[in-house]
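Numbered according to our numbering, the sequence shown spans residues 3 to 196. Using N, Cα and C, we set each Cβ at its ideal position, and we do this for glycine too. Beneath this line is the structure, given in structure tokens, with notes to follow.
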Amino acid sequence: MKNFTRTDLQFSLCGLNCLLCPMYLGNYCPGCGGGEGNQTCRIARCSLEHGKPEYCSQCPKFPCGTYEKIDAYDSFITHRNQKRDLQKCGNIGTEAYQAELKEKARILHILLEQYNDGKKKSFFCLAVNLLELEDLQAALEQMETKRGTETLPMKEKALGMTKLLRQAAEERGISLKLRKKPSGCVQDNEKAGK
3 MKNFTRTDLQ FSLCGLNCLL CPMYLGNYCP GCGGGEGNQT CRIARCSLEH GKPEYCSQCP
63 KFPCGTYEKI DAYDSFITHR NQKRDLQKCG NIGTEAYQAE LKEKARILHI LLEQYNDGKK
123 KSFFCLAVNL LELEDLQAAL EQMETKRGTE TLPMKEKALG MTKLLRQAAE ERGISLKLRK
183 KPSGCVQDNE KAGK
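Next up, the structure:
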């Protein structure tokens with residue numbers, strides 16, 4: 003969107019964790035407000051119309067009608083916790099939220115470098131987005147302290163890490179699958195031409 007820029011390109015205006023997104027990691031998107039990655043974003047347009055808050059949660063109208071169904075479906079990144087993550091950022095403070103996000107990003111880079119068999123990038127991005135930091139740290143520690151892990155073939159290391167992350171998700175009642183919009187489904191805002 004023209005004239006839409008932000009200082010925080012790692013945590014989006016609407017609550018997506020850009021720093022944990024496969025599009026951001028692949029250099030296909032500069033992050034929210036980073037330029038060419040958000041021309042058609044209606045939330046960016048809304049921000050410009052409401053004084054340009056850095057995060058939607060800083061807008062006096064938050065949570066507005068936009069957030070009623072915002073978490074219903076995913077794209078290439080999970081939208082499941084947008085509202086929750088914005089509220090968490092507001093509750094613990096931007097600096098503390100950024101520190102947690104950066105630690106999650108550090109773990110994600112380890113997962114991608116040491117446990118990715120070439121087929122797990124989206125899964126690891128999703129898991130790191132949805133699981134709590136302590137779950138990720140525990141899974142990583144368990145794999146790193148397991149004897150013989152360093153000599154395993156990459157496929158076996160990837161399977162082992164995937165199993166640990168799925169177990170952590172199951173314990174918390176979290177599904178580690180992107181929620182696709184059913185074909186033919188049109189959002190209310192799209193029907194209204196917004």
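Alpha carbon to alpha carbon, how far is L21 from I112? Translated into positions along the sequence shown, residue 21 becomes position 19. Translated into positions along the sequence shown, residue 112 becomes position 110. Going by the C-alpha atoms only, they are around 14 Å apart.
Assign E97 to one of three DSSP states: helix, strand, or coil. Looking up residue 97 in the sequence shown gives position 95. E97: helix per DSSP, three-state reduction.
When L132, C66, K148, R181 are compared against K106, the one with the closest alpha-carbon: Translated into the one-based positions of the sequence shown, residue 106 becomes position 104. Of the listed residues, the one whose Cα sits closest to K106 is L132.
For G92, three-class secondary structure by DSSP: Along the sequence shown, one-based indexing puts residue 92 at 90. Looking at G92 - three-state DSSP - the assignment turns out to be helix.
Among residues of its own chain, excluding the 5 on either side of M25, which ones have a beta-carbon nearer than 6 Å to its beta-carbon? Within the sequence shown, residue 25 is the residue found at index 23, counting from 1. Closer than 6 Å at the Cβ level, and outside the excluded window around M25, lie C31, F78.
How big is the Cα-Cα spacing for D87 and K63? In the sequence shown, residue 87 corresponds to position 85, counting from 1. In the sequence shown, residue 63 corresponds to position 61, counting from 1. Each residue's Cα considered, the two are about 17 Å apart.
Cβ distance (whole Å) where C58 is taken to contact L15 below 8 Å: Here residue 58 corresponds to residue number 56 of the sequence shown, with the count starting at 1. Here residue 15 corresponds to residue number 13 of the sequence shown, with the count starting at 1. Right, their Cβ atoms sit about 6 Å apart.
DSSP three-state assignment for F64, whether helix, strand or coil: Taking the first residue of the sequence shown as position 1, residue 64 is located at position 62. If DSSP states are grouped into helix, strand and coil, F64 belongs with coil.
Please go through the same chain and pick out, in chain order, the residues whose beta-carbon is closer than 6 Å to the beta-carbon of C23, but skip the five residues on each side of it. Position 21 of the sequence shown holds residue 23. Excluding sequence neighbours, C23 sits near I79.
Whose C-beta lies closer than 6 Å to the C-beta of C127 among residues of the same chain, with five residues either side of it excluded? Walking along the sequence shown from the start, residue 127 turns up at place 125. For C127, where only same-chain residues beyond five positions count, the Cβ hits under 6 Å are L22, P24.
Pairwise C-alpha distance: L135 and E173: Translated into positions along the sequence shown, residue 173 becomes position 171. Translated into positions along the sequence shown, residue 135 becomes position 133. Using only the alpha carbons, I get a separation of about 14 Å.
Three-state class that DSSP yields for G28 in the structure shown: Counting from 1 along the sequence shown, the entry for residue 28 is found at position 26. Of the three classes helix, strand and coil, the one that applies to G28 here is coil, per DSSP.
If you count every other CB in all the chains shown that lies within 10 Å of the CB of K122, and 16 or more means buried, which is it? As a working mapping, residue 122 is identified with position 120 in the sequence shown. Result: buried.
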